[in-house]
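Student:
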Ligand code: MN
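In our numbering, the protein residues as written are 9 to 301.
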């Protein structure tokens with residue numbers, strides 16, 4: 009009943025990947041942002057890398073990206089196919105497979121490595137994943153680092169009136185709460201929608217909302233149909249987001265309350281000012297973000 013009186017968000021645009029590159033030797037990614045210059049329209053989200061789907065031959069030397077730092081934000085890795093292994097300087101580690109999510113809070117600083125899991129690498133197989141960076145508010149950028157392994161079984165799944173399913177990774181949907189702890193209001197949904205199906209979402213007016221199409225074909229609020237690896241971005245104004253699937257589709261819905269704070273980026277560091285970036289580089293070089301044991 010609530011939804012009938014709210015305003016539909018206008019669609020800002022439908023975007024294609026702005027770049028394609030390898031991260032380390034294990035992650036062939038297509039980047040949707042920041043390469044599409046969407047900063048304000050996707051705030052608090054900073055980066056979306058779409059990895060694969062790509063088949064990897066069997067190997068005894070797992071591919072991936074070795075020891076590197078992060079500061080000032082969170083990295084969220086969602087696995088659709090394949091198995092990934094992680095280790096970090098806080099002593100945390102974990103293995104995530106299809107349906108699982110890793111939510112790593114770099115905050116004041118973390119050093120980690122991200123690889124294909126050993127047995128998966130040995131057998132060979134398809135890797136299909138997303139890495140999303142979520143910004144931290146200024147007040148939380150220097151908080152203690154943390155790590156959450158979110159397994160498939162811990163993610164509530166909501167039926168979409170027989171049209172598909174919506175898994176609540178973060179935030180909530182129809183009273184079902186996602187397991188991820190977030191520092192600012194974020195809704196992150198893994199959606200499967202059948203051809204001809206429809207999902208109606210209501211988000212706070214003023215929040216950013218974008219919908220990434222992994223597979224299939226879908227439109228939002230009357231936009232053009234977006235296909236594989238395309239991103240539909242809504243305007244901040246309005247609160248109603250209606251997704252319609254023209255084909256069986258797999259979608260990632262990202263919605264959040266914008267931080268509207270200055271963004272200073274340098275590689276794996278995202279702070280508010282250039283001075284803080286220089287400090288981050290110095291702290292990393294001085295070993296203050298730790299090392300892998
Ligand atoms: Mn990383």
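We treat Cβ as the ideally placed atom computed from N, Cα and C, and that holds for glycine.
Which of helix, strand or coil does DSSP assign to residue 148?
Tutor: In the structure shown, residue 148 sits in a helix (DSSP, three-state: H, G or I).
Student: For the beta strand (DSSP E) containing residue 121, list its first residue and its last residue.
Tutor: From DSSP, the beta strand (DSSP E) with residue 121 extends over 118 to 124.
Student: Please give the ranges of any beta strand (DSSP E) in the stretch 58 to 136, keeping only runs that are unbroken, at least 3 residues long and fully inside the region.
Tutor: Runs found: 72 to 78, 81 to 89, 92 to 96, 101 to 104, 109 to 113, 118 to 124.
Student: Tell me whether residue 296 sits in a helix, a strand or coil according to DSSP, three-state version.
Tutor: Correct three-state label for residue 296: coil.
Student: Cα separation between residue 4 and residue 251?
Tutor: There is no way to answer for residue 4, as the model of the chain reaches only from 9 to 301.
Student: Please tell me whether residue 63 and residue 44 are closer than 8 angstroms, where the distance is taken between their beta carbons.
Tutor: Not closer than 8 angstroms, so no.
Student: Go through its chain and collect everything with a Cβ distance to residue 150's Cβ below 8 angstroms, but skip five positions before and after it.
Tutor: Counting only Cβ-Cβ distances below 8 angstroms, and skipping sequence neighbours, we find 115, 116.
Student: Please classify residue 69 as buried or exposed, where buried requires at least 16 other C-beta atoms within 10 Å of its C-beta.
Tutor: So residue 69 counts as exposed.
Student: Buried or exposed: which applies to residue 303, given that a residue is buried once 16 or more other Cβ atoms fall within 10 Å of its Cβ?
Tutor: The shown model of the chain, from 9 to 301, leaves out residue 303, and the question about it has no answer.
Student: The ligand MN heavy atoms versus the CB of residue 190: any closer than 7 angstroms?
Tutor: No.
Student: For residue 106, tell me which candidate among 242, 159, 207 has the shortest Cα-Cα distance.
Tutor: Of 242, 159, 207, the residue nearest in Cα terms is 159.
Student: According to the neighbour-count rule (16 or more other Cβ atoms, all chains shown, within 10 Å of its Cβ), is residue 82 buried or exposed?
Tutor: Counting Cβ neighbours within 10 Å, residue 82 comes out buried, since at least 16 surround it.
Student: Taking 7 angstroms as the cut-off, does the CB of residue 122 come closer than this to any heavy atom belonging to the ligand MN?
Tutor: Flag set: Cβ of residue 122 near the ligand MN.
Student: Just mark residue 178 as buried or exposed, buried being the case when its beta carbon has 16 or more other beta carbons within 10 Å.
Tutor: That one is buried.
Student: Which whole-angstrom value describes the C-beta separation of residue 257 and residue 50, a residue pair presumed to lie in contact below a C-beta threshold of 8 angstroms?
Tutor: Not a contact, Cβ separation roughly 20 angstroms.
Student: Look at the Cβ atom of residue 142, then the Cβ atom of residue 163, and state whether they are nearer than 8 angstroms.
Tutor: Not a contact, by the Cβ cut-off of 8 angstroms.
Student: Report whether the distance from the Cβ of residue 78 to the nearest heavy atom of the ligand MN is below 7 angstroms.
Tutor: Yes, the beta carbon of residue 78 sits closer than 7 angstroms to at least one heavy atom of the ligand MN.
Student: Between the Cα of residue 313 and those of 227, 288, 260, spot the shortest distance and give me the residue it belongs to.
Tutor: Nothing about residue 313 can be read from this structure; the chain reaches only from 9 to 301.
Student: Quick one: what's residue 202 bridged to in DSSP?
Tutor: The partner list for residue 202 (beta bridge, DSSP) is empty, contrary to what the question assumes.
Student: Report the residue from 120, 52, 124, 238 whose alpha carbon sits nearest the alpha carbon of residue 279.
Tutor: Of the listed residues, the one whose Cα sits closest to residue 279 is 52.
Student: State the Cα-Cα distance for the pair residue 152 and residue 203, rounded to the nearest angstrom.
Tutor: The alpha-carbon atoms of residue 152 and residue 203 are separated by roughly 44 angstroms.
Student: Just checking residue 98 against the ligand FMN - is the residue's beta carbon closer than 7 angstroms to any of the ligand's heavy atoms?
Tutor: Annotation note on the ligand FMN: not contained in the displayed structure, which lists the ligand MN as its ligands.
Student: Take the Cβ of residue 9 as the centre, count every other Cβ of all protein chains shown within 10 Å, and call the residue buried at 16 or more, exposed below.
Tutor: Any reading at residue 9 must be qualified, since the residue scores a pLDDT of 47, below 50, and its modelled position is unreliable; the value itself is stated next. By the neighbour-count rule (16 or more Cβ atoms within 10 Å), residue 9 is not buried but exposed.
Student: Does the stretch 209 to 225 come close enough to the stretch 237 to 253 to have 3 or more Cβ pairs within less than 8 angstroms?
Tutor: Yes, the stretch 209 to 225 is in contact with the stretch 237 to 253.
Student: Would the stretch 120 to 129 count as touching the stretch 79 to 96 if we require 3 or more Cβ pairs under 8 angstroms?
Tutor: Because the criterion of three Cβ pairs below 8 angstroms is met, the stretch 120 to 129 and the stretch 79 to 96 touch.
Student: Taking only the alpha-carbon atoms, compute the straight-line gap between residue 131 and residue 19 and give it to the nearest angstrom.
Tutor: If you take the alpha carbons of residue 131 and residue 19, they lie about 43 angstroms apart.
Student: Ends of the beta strand (DSSP E) at residue 258?
Tutor: Where residue 258 is concerned, the enclosing beta strand (DSSP E) stretches over 257 to 264.
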